[in-house]
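Sequences listed follow chains F, E and S, in order. Note that my numbering gives residue 132 to position 132 of the first sequence, counting from 1, and the numbers run on in steps of one. Note that my numbering gives residue 130 to position 130 of the second sequence, counting from 1, and the numbers run on in steps of one. Note that my numbering gives residue 164 to position 164 of the third sequence, counting from 1, and the numbers run on in steps of one. Just so it is clear, CB atoms sit at the ideal spot from N, CA and C, and this is done for glycine as well. From a predicted model like this one, the values you see are computed outputs, not experimental measurements.
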Amino acid sequence: MVDFSIPAHVFIYILDLFGTMAFAVTGAFKAIENKSDIVGVLLLATITGVAGGVIRDVVMGQFPNALSDPAYVAITVTSGIAIFFLYTHLKKHWNLFLKFDAIGLGVFSIIGATFAYNLVGLNFLAIMLAGVLTAVGGGILRDVFVTQVPIVFVKEFYVSASFIGILVFYFMLYFGGELYSATIIGLAITTALRLIAMKYNWNLPKVKGI
Amino acid sequence: MVDFSIPAHVFIYILDLFGTMAFAVTGAFKAIENKSDIVGVLLLATITGVAGGVIRDVVMGQFPNALSDPAYVAITVTSGIAIFFLYTHLKKHWNLFLKFDAIGLGVFSIIGATFAYNLVGLNFLAIMLAGVLTAVGGGILRDVFVTQVPIVFVKEFYVSASFIGILVFYFMLYFGGELYSATIIGLAITTALRLIAMKYNWNLPKVKGI
Amino acid sequence: MVDFSIPAHVFIYILDLFGTMAFAVTGAFKAIENKSDIVGVLLLATITGVAGGVIRDVVMGQFPNALSDPAYVAITVTSGIAIFFLYTHLKKHWNLFLKFDAIGLGVFSIIGATFAYNLVGLNFLAIMLAGVLTAVGGGILRDVFVTQVPIVFVKEFYVSASFIGILVFYFMLYFGGELYSATIIGLAITTALRLIAMKYNWNLPKVKGI
């Protein structure tokens, strides 16, 4: 049960910062594995943590939230420094960070979808694109910058989990559901699907014989 | 001869959707060749089909057309699904798709140029950049996301065909030509140059001995 | 001593065009080394020279300066043509161009920072992000487009030099310093740090044993 002694928007905000941390951590790991120095690590951690949201804001014509609220960059920089100095201790917990990443995926998908909903209403296309863009934008840039094919294009059930959670979010609103319930259920579904996909090594169909 | 029994703007719109389909198809092929699952294929097809236009809209400060009109993403998703299920049958028609791609190049170049012309008037720089960005933006992202050097930087006469068509478009307007004629002639020139370049394997000069 | 017989803003503008030239030259070199034809060389030179500023303008919600003032693209195209035809003579001066690039780094860092300062005032986050984005955006795209890990993530003391110069710029303004002095000192520090780092092969700490 969610503890409703804190207001809904504060709960979402904390999850957002947590997701930013989780994404920043994956960026810091990739930078270190590519022999970045400390500033390069902070830069890639920050890009991975905030770029999805910045791209969404810019595409939607809004001033980027991550530039107005210093909490996001404070989180990415702190995460980057922590990973840099504790890398050898923390790299054995990589699987834990992948679970954090699944939470980040759920949170970012639904925060992006909610952003579009607040801006243009119940428009399926805008909600889906804003949600997916927020969720995968940072990770795509992270992987491209270390010259890997972004995992969202090749990893089992990554963007698909985002897609399904946003779909449920949309239809809950469509059928008159309350925004807060749709938010919690949408993000729980995306995160749960991603965690289950990792655990059971789910694969979507691919073209055979490539 | 163009059949004027349909209005000009409808004709352009149909060409735009056709170009979106052609670009989406090239994105779907690349994703499949990189072992993407079905959702990865749809994502790369969509990015390849609409990203050029979205980048142009965002740079020019407009709300992205591809988010207002669901026809574009409907086309990229349908194309992605079709290629995914028919890949083994369709891959032998790759040369046909390259011809479609040449049509897409012509259409997107001139639609981008027209967009800038409607927004800022007869400004050479804006017309050229908006046209080239629309034409090559999606293809650059497609290639970068599968970690290849974008073909626009290395392929014979690709962005050059876009450049020349937009140049003709600009000068026709500059000398008082009608927008519709400039549009048709500009896109025909870009498409024809690209087709001829493919057929005769044209190469522009490169620096020797690299 | 700076010659104050020319007004401050003209001096900054000349430095800006010089930085654009320096960045465009590095883009042209990379394109030629990747066997681009002449149009590919011009395209990558232009992207490297202006993309950092365009991304900054777009993120900040402004119409891109490089689309309003044709001087920038005129410079990148001219630089691209010059490098294309003189490559074999000029490549032995690569070290000279790296020094130009250090000037570009300083100029772009502080011009980006000033842009944010004029737009949103003494906001550390916006000033730092706009400065760094302007300075490294073009170089990141250049390297990604030739499928290399961007040097800003791996090269000794590149983005760090930008960071420190902007920090000094910010604190000079914070303590009531004049904008013009902060500009000159900030860019001199970034450029000097980068030049010294190149000369003495400075390295920031990296995680050991990767």
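query	result
Cβ distance (whole Å) where residue 162/E is taken to contact residue 132/E below 8 Å	6 Å
Pairwise C-alpha distance: residue 146/F and residue 148/S	8 Å
Cross-chain neighbours of residue 13/E in chain F, by beta carbon under 8 Å	Result: empty, since nearest Cβ-Cβ is about 17 Å, beyond 8 Å.
Backbone secondary structure at residue 158/E - three-state DSSP	coil
The segment 91-105 of chain F: positions lying closer than 8 Å to chain S by Cβ	none
Proximity to residue 192/S [Cα-Cα], best of 140/S, 24/S, 101/S	101/S
Beta-carbon proximity check, residue 160/F vs residue 107/E, cutoff 8 Å	no
Residue 76/F to residue 186/F span [Cα, whole Å]	25 Å
Cβ of residue 206/S within 8 Å of any chain F Cβ	yes
Contacts of residue 67/S in chain E (Cβ-Cβ under 9 Å)	59, 60, 116, 120, 123, 125, 126, 129, 130
Collapsed DSSP secondary structure at residue 33/F in the structure displayed	helix
Integer Cβ distance of residue 26/S from residue 142/S, believed to fall under 8 Å	7 Å
Endpoints, alpha helix (DSSP H) assigned at residue 143/S	124-145
Selected residue, minimal CA-CA separation from residue 119/S, among 63/F, 19/F, 196/F, 81/F	63/F
Local conformation of residue 168/E per DSSP, three classes	helix
CB contact flag (residue 176/F, residue 50/F, <8 Å)	no
Residues near residue 195/E by beta carbon distance below 6 Å, same chain, minus five either side	102
Under 9 Å (Cβ pairs) to chain S, residues found in the segment 11-40 of chain E	none
Where residue 85/F falls: helix, strand or coil (DSSP)	helix
Integer-rounded CB distance, given that residue 79/F should sit under 8 Å from residue 165/F	No, residue 165/F and residue 79/F are not in contact; Cβ-Cβ is about 24 Å, not under 8 Å.
Closest Cα partner of residue 48/F within the set 99/F, 171/F, 105/F, 96/F	105/F
Residues that residue 73/F contacts on chain S, provided the C-beta gap is smaller than 8 Å	125, 129
Residues near residue 58/S in its chain [Cβ-Cβ closer than 8 Å; skip 5 each side]	64
Residue span of the alpha helix (DSSP H) that contains residue 118/E, given as start and end	94-120
Cutoff 8 Å: residue 79/E Cβ touching any chain S Cβ	no
Cβ neighbour criterion (16 or more within 10 Å) applied to residue 183/E	buried
Contact set between the segment 137-150 of chain E and chain S, restricted to residues whose Cβ is under 9 Å from the partner	140, 143, 144, 147, 148, 149, 150
Same chain, Cβ closer than 6 Å to residue 115/F, five either side skipped, listed in chain order	130
Residue 174/S versus residue 52/E - alpha carbon distance	41 Å
Under 7 Å by beta carbon: chain E residues contacting residue 160/F	39
Residue 153/S at chain F interface by Cβ criterion, 8 Å	yes
Under 8 Å between C-beta atoms of residue 20/E and residue 72/E	yes
Outcome for residue 15/E when other beta-carbon atoms lying within 10 angstroms are tallied against a minimum of 16	buried
Close beta carbons around residue 151/F, own chain, < 7 Å, minus the five adjacent residues each side	139, 143, 158
Cut-off 7 Å between Cβ atoms - residues of its own chain near residue 189/S, not counting five sequence neighbours on either side	164, 165, 168
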